[in-house]
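These protein sequence lines map, in sequence, to chains H and L. Just so we're aligned, residue 1 is where the first sequence starts under the working numbering, counting upward by one. Just so we're aligned, residue 149 is where the second sequence starts under the working numbering, counting upward by one. For each residue, glycine too, the CB sits at the ideal point set by N, CA and C. Only a predicted model underlies this, so the values are computations on that prediction, with no experimental measurement involved. Report on the structure given below.
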Amino acid sequence: MAVSPDAVIPSGAGFDVGRARQGARGPQQLADILERVLDKGIVIAGDIQVRLLDIELLTIKLRLVIASLERAHAMGIDWWEGDPFLSTRAQARELPRARRRSRQKNEATAFPTREALERRRALPAARAVTRKRTTRSAPKKSSKAPRK
Amino acid sequence: MRGRGDIVVHAYGVVGRDGEPAKAIAGLGGAPVLARAVGRLRVLYSVLDNERFGRAVWEEHANDPAWLRDVARAHHAVLQAWFEHADVLPFRLPSLHVGEDGLEQAIRGRLPDLARAMAVIRGRWEWGLKVFLEPDRPARAPTRTPPRTGRDYLVGRARAGIEEDEARQQREETLRALHAAFSKRAVRNVLSRPHESALSGRRAPMLLNASYLVSRTRQKSIEALADSWDERLRALGLHVELTGPWPPYHFSTVGEGTAGAATRGRGGTPRGGHDDRHP
Numbered sequence: 001m002a003v004s005p006d007a008v009i010p011s012g013a014g015f016d017v018g019r020a021r022q023g024a025r026g027p028q029q030l031a032d033i034l035e036r037v038l039d040k041g042i043v044i045a046g047d048i049q050v051r052l053l054d055i056e057l058l059t060i061k062l063r064l065v066i067a068s069l070e071r072a073h074a075m076g077i078d079w080w081e082g083d084p085f086l087s088t089r090a091q092a093r094e095l096p097r098a099r100r101r102s103r104q105k106n107e108a109t110a111f112p113t114r115e116a117l118e119r120r121r122a123l124p125a126a127r128a129v130t131r132k133r134t135t136r137s138a139p140k141k142s143s144k145a146p147r148k
Numbered sequence: 149m150r151g152r153g154d155i156v157v158h159a160y161g162v163v164g165r166d167g168e169p170a171k172a173i174a175g176l177g178g179a180p181v182l183a184r185a186v187g188r189l190r191v192l193y194s195v196l197d198n199e200r201f202g203r204a205v206w207e208e209h210a211n212d213p214a215w216l217r218d219v220a221r222a223h224h225a226v227l228q229a230w231f232e233h234a235d236v237l238p239f240r241l242p243s244l245h246v247g248e249d250g251l252e253q254a255i256r257g258r259l260p261d262l263a264r265a266m267a268v269i270r271g272r273w274e275w276g277l278k279v280f281l282e283p284d285r286p287a288r289a290p291t292r293t294p295p296r297t298g299r300d301y302l303v304g305r306a307r308a309g310i311e312e313d314e315a316r317q318q319r320e321e322t323l324r325a326l327h328a329a330f331s332k333r334a335v336r337n338v339l340s341r342p343h344e345s346a347l348s349g350r351r352a353p354m355l356l357n358a359s360y361l362v363s364r365t366r367q368k369s370i371e372a373l374a375d376s377w378d379e380r381l382r383a384l385g386l387h388v389e390l391t392g393p394w395p396p397y398h399f400s401t402v403g404e405g406t407a408g409a410a411t412r413g414r415g416g417t418p419r420g421g422h423d424d425r426h427p
């Protein structure tokens, strides 16, 4: 319970209402939690000594997230504040990671090709249409595209 | 049965030998939290799917605030559930290990350090103290007589500048006194960088972000202290906010390499202004 409220509990009288759990006081906000959980606490080397470096690198990366949160906030992007289920999490749950990755790969490499295919497929039709129209005031775009 | 390559172990922290929450709490991804005795300590951990919480997944989500927020909360929730029933040394997130035996070995290798760290936090809780400069609580009534001449205007601006300087100085002195008063009740204290207002989610600039390690028995006293200071500082347009009790995140350190977290004594200087001067 004490972990969940993002809502800022008003100060003063609100404190008592805000005692979400026994003895807890004041709102525990995301920033408070992230500051502590990502930046403080004991670091123990993992199973393999090499991992220490990895973990530290990772922690630095994670720390950067706080900075990017700040930047995003400054730009007015705060979608994750409202509903976590609207965010990538829901997406992640729906799509197994492997599939998601392969989809991303598809999008990265195959998409232009698919687009090109469609363009090619659309060409004859477009040409037919423009041929009919060319006599009149044909829009520049459609008359230009087929000729390429 | 999951094989060694299919799992990853995340450790939340170590706790003393006695005490546990009345109700079991779920860990990362809803996984059960296990406790394994190592020497005189117990390590709290979860066995997780490599597919969901392996190193690659962390790297993949390093810039995914929603994912991070959930794991941070889950990690914190475990420690939060335990720390009122047992002395807890939190681990930094993530604390990944290849297997349970590997984790036990890692802990065993640091037992003397962990015991020393445990001795510092035993019977003590962390409290957070933040001071905000509330824009809706002006320290002084603004003098709203419009300037008649250019000279009046300039004089007025100079005076406002001086007043602002004085107010800032007064705030700084007050914050020092406040920090000293809390430090007196605490075993250790740490001053952290105040959050940007974007991060804190509040328009009011944060002037002080301090943490104190305080005996459990002093909860009432520390709360009363915060209330009385809040009352006193209202006149200066300041708002004092106490959070906690927390597991002792800021005061859990072992050996060198993690220095900077638990510094004894004056950790720094409270800021009186609200410009972007960072230590």
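Please name the residue or residues paired with residue i in a DSSP beta bridge.
{"i": "H387 (chain L)", "result": "L:F280"}
{"i": "W273 (chain L)", "result": "L:V362"}
{"i": "S194 (chain L)", "result": "L:H158"}
{"i": "H233 (chain L)", "result": "Paired residue(s): none; H233 (chain L) is not in a bridge."}
{"i": "S400 (chain L)", "result": "Paired residues: none, contrary to the question."}
{"i": "A174 (chain L)", "result": "L:P180"}
{"i": "I42 (chain H)", "result": "L:F239"}
{"i": "L356 (chain L)", "result": "L:V279"}
Report the rounded CA-to-CA distance for residue i versus residue j, giving the unit in angstroms.
{"i": "P353 (chain L)", "j": "G385 (chain L)", "result": "11 Å"}
{"i": "D154 (chain L)", "j": "G202 (chain L)", "result": "9 Å"}
{"i": "S194 (chain L)", "j": "V362 (chain L)", "result": "29 Å"}
{"i": "R184 (chain L)", "j": "H398 (chain L)", "result": "24 Å"}
{"i": "P169 (chain L)", "j": "E389 (chain L)", "result": "27 Å"}
{"i": "D39 (chain H)", "j": "R240 (chain L)", "result": "7 Å"}
{"i": "A325 (chain L)", "j": "N337 (chain L)", "result": "14 Å"}
{"i": "E282 (chain L)", "j": "R364 (chain L)", "result": "31 Å"}
{"i": "L251 (chain L)", "j": "L381 (chain L)", "result": "48 Å"}
{"i": "R307 (chain L)", "j": "E314 (chain L)", "result": "10 Å"}
{"i": "A204 (chain L)", "j": "F330 (chain L)", "result": "43 Å"}
{"i": "Y160 (chain L)", "j": "R319 (chain L)", "result": "39 Å"}
{"i": "L355 (chain L)", "j": "Q253 (chain L)", "result": "43 Å"}
{"i": "L30 (chain H)", "j": "A263 (chain L)", "result": "30 Å"}
{"i": "F231 (chain L)", "j": "A222 (chain L)", "result": "14 Å"}
{"i": "D300 (chain L)", "j": "G309 (chain L)", "result": "14 Å"}
{"i": "W377 (chain L)", "j": "Y360 (chain L)", "result": "16 Å"}
{"i": "I173 (chain L)", "j": "A234 (chain L)", "result": "14 Å"}
{"i": "E248 (chain L)", "j": "P342 (chain L)", "result": "38 Å"}
{"i": "S400 (chain L)", "j": "I42 (chain H)", "result": "6 Å"}
{"i": "K368 (chain L)", "j": "V402 (chain L)", "result": "30 Å"}
List the whole-angstrom C-beta distance separating residue i from residue j, where the pair is believed to meet the contact cut-off of C-beta under 8 Å.
{"i": "H224 (chain L)", "j": "V157 (chain L)", "result": "About 18 Å; that fails the 8 Å criterion."}
{"i": "W206 (chain L)", "j": "P238 (chain L)", "result": "So it is not a contact: roughly 18 Å between Cβ atoms."}
{"i": "G175 (chain L)", "j": "V181 (chain L)", "result": "4 Å"}
{"i": "R36 (chain H)", "j": "W273 (chain L)", "result": "The Cβ separation is near 13 Å, so there is no contact."}
{"i": "L192 (chain L)", "j": "V163 (chain L)", "result": "6 Å"}
Under three-state DSSP, which class holds residue i?
{"i": "A265 (chain L)", "result": "helix"}
{"i": "I33 (chain H)", "result": "helix"}
{"i": "V162 (chain L)", "result": "strand"}
{"i": "L241 (chain L)", "result": "coil"}
{"i": "A185 (chain L)", "result": "strand"}
{"i": "P180 (chain L)", "result": "strand"}
{"i": "V205 (chain L)", "result": "helix"}
{"i": "R336 (chain L)", "result": "strand"}
{"i": "A254 (chain L)", "result": "helix"}
{"i": "I370 (chain L)", "result": "helix"}
{"i": "P169 (chain L)", "result": "coil"}
{"i": "R350 (chain L)", "result": "coil"}
{"i": "D218 (chain L)", "result": "helix"}
{"i": "H343 (chain L)", "result": "coil"}
Exercise for the section: Using a Cβ-Cβ cut-off of less than 8 Å, list which residues of the region 234-252 of chain L approach chain H; keep chain order. Expected result: Residues of the region 234-252 of chain L with a C-beta less than 8 Å from any C-beta of chain H: L237, P238, F239, R240, L241, P242, S243, L244, H245, V246, G247, G250, L251, listed in chain order.
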